[in-house]
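Below: one structure, written as structure tokens.
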Amino acid sequence: MANPSSKAPLGRRSLFKAAGLGAVGAAGVPLVSACGEVSGGEGSVQELDQTLDILPEYKEWPLPVQPDLIGDPPNHPSAYLTYPNPVAQAIPNPPSNSGSYQVYVPNWGPSPAKDDPYYLAMQEATGGTKIEFVQSDGEAFAEASVQWIQAEEFGDAIFMFGWMTNAHADFNETVVNRFADISGIVSGDISERWPLLAGRGDAAWADSVWSTDPENPKDTAGIYGVPWALNGGPGNAFYYRADLLAQAGLDVPTTVEELLEVGRAWSDDKAGKWAFAGTDYMSKAWFRLAAGHGWYWDGSGLVHNNERSEFKEWVEFQRTLTDEKLRHPSVGTPGFEPKQAQKSGEVLFDQDGWNRWNDLTLEMNASGENPDFELGVLGALTFKDREPMYHAAWGVGGWLFFRKDLGEDAIAELLDVSNFCASPYGTKEYEMIHFGLQGVHFEYDAEGKPAFTEAGIKSKQDSLAYTAMSGSPQYFLDGPTKIVEARFAFNEAVQPYLDENPFEGLRLNGPESGVNAGTVFDEKVNDIIYGRAELSELDAAIETWKADGGDEAREFFEKAYKQLHGE
Amino acid sequence: MAVTTPAARTAAAPTKTKAPKARRRPLRHRLRLDWPLVVLTLPAMVQLAVFFYTPSAYSIIAFMDYSPYRPLWENPIIGFTHFQILFEDPYFVDALLNTLQFAFAQLLFVFPFSIVLALIMHSVVSTKIRSTFQSIVYLPYFFSWVLVVSVFAQVLGQDGLLSRWLVGMGGERLDIMRDPDSFMFLAWMQWTWKDAGWGMIIFLAALAAINPALYEAAAVDGANRWRRLWHITLPSIRPVIVLLLILQLGSILSVGFEQYQLQRAAVGWGASEVLDTFVYYRTILASNGESLGTAAGLFKGVIGLLLILAANNIAHRLGEQGIYQKS
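Chains as they are written, first to last, in UniProt numbering: chain W, 1 to 567; chain X, 1 to 327.
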């Protein structure tokens, strides 16, 4: 797959064709006879093999302090209720480096100023390596990364979340052509120089392997990125304002029907109160729709969400939110911030990643703005008494990729920093990476845990910089004790309902026609949801989706599924 | 003192023979004379070469099965396949029709608005009022589309100032920011607010060049305000109007990107898809996107060029200068 082979470079005939190009053709006169085939776009499959020899040798990194609540990682992470005192040092002897690098990372919140003492302190702590982080909004970052990577203009390294790779037409091809293969540096026993990276485990590293030739995956496999956190357990959360729900005398809903009733009881369009902000990606599980690529094995073949009756129910539910004015009217318009809307009480429910629970609670605690403020998370809701389902997060959450022509020494130096940043909760390194400097960005709270100061909330809390350099050997729940306990209990409760990845062990890029047809279909569904088209138009849209690429995508995914499961 | 007799004058009168052509100086000689002018144009020439002509040469990838992962010359030429894909794509046709609608709306409703604004400004005698009004009208031109759309959402959105006021008065919330049927009107308001001031400045410059003696003479002859406008002002700025009109026709298929992309989620793609957003979603974020996107860009460029040439030709026929002097 590396460097797609050329079929026929400029030949005599081709040159003749090239000479004929210009205004006539460009203006639309069809010259079909002069047309050739366009290659690519047929999709690609990569196997994730944990037995590959190139993976770093796993050496357990012993935790300095054992967690208080023992879960079953990765789907049920363990948790710390208390903060160790004294805090352990994960890397007692930092390396001695002096390189200077530029790393592109997405960012959602504010980030420290360029001259913030945090960066200098981190430079010293990580061994002298200076890193300039180029940050931009995550959504824009995902789309802009397509051009940055193809133009090889992303500094020395770039961090990509797994979901961001969807913006790339064929990310498998992008990886092997644009990023450095670091197998030669990280294969074998790396525990002496990078003990924390060695402790990441085979699952994380195997998810960072790509093959240049998918027909011969084992022999052409290479490690192309430093794995970020290994996901597991419930992927995201649907938050509600527990304090406002209690004040209104409403019960926490457990079914979609109850949720709608609560929404109706709460919403008052005239008073500027709406029950819902974002609901799209969280609500699909309530209707038992599949996550990921959206395919579901019904025993005889793959069926896509789009063509299932449950999908129609989901669209109806979404349309109800619009028609009955239960959703904040600014959802989807530029400048609308759902987190702020929930914080201010304009909305009751909103979806987000797990960080909001800690972040918003700590932010409200620090400001003292609303002492009653309390967030809760809805469990696995059901619809029409069906079995509940909760979408789980699968695989590695993202990767740090290095520039293809970055030297081995430079990559090794950045891996020193990654090793530092792999330090788990309960270490001095983690504290510094995530909370910044004591007295500036955080202070220890009454429980003895680090808690952001107002300055830290404004500059550090949401910032993704050094945190992007690597995931940890193990991921733990941390934060205010009450939230940690609630989340641990939540994780335990939803374990039976977590969905499974039907393509576990494969990394798939669907065919282009399917992706394009899906994009067009999604636009149509959005039109229906927001009242710009009628529900009756859905069936025709499904047929168009199938004809324009849905069926081709089914063929591709079904082939992969059958090979994987031996069907 | 030499006296010229009538006979001598007759003899000296020019004959009807063809005037001898001015001797063309050799290039070397002209360069020696005009080198300071040439030097002055150098930065512009370098800029054009680097940012316009060199990228234009890469238009060849519209005719290739291009992949960014191999050298340019190793990409096979496949002819007009990408144009065929483009023209057969129903969403391209929709995007093209939307683009044309927006473009003509801009031409019909924003362009004349700039002229009207300039005429009003020109008629204001007080320099203080004129400069204040000019600054207010001109300022939004420097705002980004993100800011413009956000301001509109804050004012006209369903949760905006006006909606809140209407609800407070017992009315309904405004739906204009989410209504695909009125998106053209919304877009017109946004263009006018953002761009009309810029157009006004150019016309004001043209108005400033009109000789005041013409107005004085017309006033003495009894011409009222409207007659002066009709017989002096508009004819005087007509060359500038024609020039700007022709240039705008050249970029008729480039109605913008951010304005439509930012409001796509709110009004849906059907109302907001234009060629530039089509290129973004269907080609930049898709495989083989470079070739298909370049094909779409080339199509836009060729149509623009043809329109400029046609409009310029019509301008010349009507006795106008157009974008260049007809030799």
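Don't be surprised by glycine CBs; every beta carbon is placed ideally from N, CA and C.
Approximately 30 Å separates the beta-carbon atoms of W:Asp181 and W:Gly235; this is outside 8 Å, ruling out the contact.
Take X:Trp145, set aside five residues on each side of it, and the residues of its chain with a beta-carbon closer than 7 Å to its own are Glu258, Gln259, Leu262, in chain order.
Around the Cβ of W:Gln563, a 10 Å sphere holds fewer than 16 other Cβ atoms; the residue is exposed. Classified as exposed, X:Met169 has fewer than 16 neighbouring CB atoms from the shown chains inside 10 Å of its CB. DSSP lists W:Ser44 as the beta-bridge partner residues of W:Asn509.
Inside the segment 190-231 of chain X, DSSP marks no whole beta strand (DSSP E) run of 3 or more residues. Counted as a single uninterrupted DSSP element, the stretch harbouring W:Lys449 is not any alpha helix (DSSP H), since DSSP gives it neither H nor E. Under DSSP, the beta-bridge partners assigned to W:Trp295 are W:His304. For X:Thr81, the nearest beta carbon of chain W is closer than 7 Å to its own beta carbon. Between X:Ile176 and X:Leu186, the C-beta gap is smaller than 7 Å, which places the two residues in contact. X:Phe299 and X:Ser251 have their C-alpha atoms spaced approximately 12 Å apart. With the rule of 3 Cβ pairs closer than 8 Å, the segment 48-61 of chain W does not count as touching the segment 401-414 of chain W. In the DSSP secondary-structure assignment, X:Phe278 is not bridged to any residue. Within the DSSP secondary-structure output, X:Ile61 pairs in no beta bridge.
With a threshold of 16 other beta carbon atoms within 10 Å, W:Ser98 falls short and is exposed. Minimum Cα-Cα distance from W:Asn305 among the listed residues W:Leu55, W:Gly550, W:Leu48 corresponds to W:Gly550.
Under the Cβ distance rule, X:Gln101 does not count among the residues neighbouring chain W, no pair being separated by less than 7 Å. For X:Gln158, the chain W residues whose C-beta falls within less than 7 Å of its own C-beta are Pro329, Ser330, listed in chain order. Boundaries for W:Phe402: no alpha helix (DSSP H) harbours it, while the beta strand (DSSP E) harbouring it runs 398-402, taken from the DSSP string. If the five residues before and after W:Ile131 are omitted, its C-beta is found closer than 6 Å to the C-beta atoms of Tyr101, Val103, all from its own chain and listed in chain order.
Leaving aside the five residues that flank W:Val520 on each side, the residues in its chain whose CB is nearer than 8 Å to its CB run, in chain order, Thr544, Trp545, Asp548. Inter-residue distance for X:Val93 and W:Arg241 is about 46 Å (C-alpha atoms, whole angstroms). Along the length of the segment 184-240 of chain W, whole beta strand (DSSP E) runs at least 3 residues long occupy 209-211, 221-223, 225-227, reported in chain order. Taking a 10 Å sphere around the C-beta of W:Asp323, we find fewer than 16 other C-beta atoms and assign the residue as exposed. W:Thr212 has a beta carbon lying at 7 Å or more from every beta carbon in chain X. Proximity to W:Leu48 across W:Asp522, W:Glu504, W:Ile542 peaks at W:Glu504, based on C-alpha coordinates.
Not flagged as an interface residue toward chain X: W:Glu324, since no C-beta distance is shorter than 7 Å. When the beta-carbon positions are compared, W:Ala380 and W:Val494 come within less than 7 Å of each other.
In the three-state reduction of the DSSP assignment, W:Glu37 falls in the coil class. Inter-residue distance for X:Arg178 and W:Met282 is about 24 Å (C-alpha atoms, whole angstroms). Short of 6 Å from the beta carbon of W:Gly71, and not among the five residues preceding or following it, lie these beta carbons of its own chain, in chain order: Pro77, Ser78. Cβ atoms of W:Ser145 and W:Met160 come within 8 Å of each other, at about 6 Å. Between W:Ala206 and W:Glu192, the alpha-carbon positions lie close to 21 Å from each other.
As DSSP reads the structure, W:Arg327 sits in a beta bridge with W:Phe276. Inclusion of W:Phe420 and W:Thr129 in the CB contact set at 7 Å is not warranted, their separation being larger than that value.
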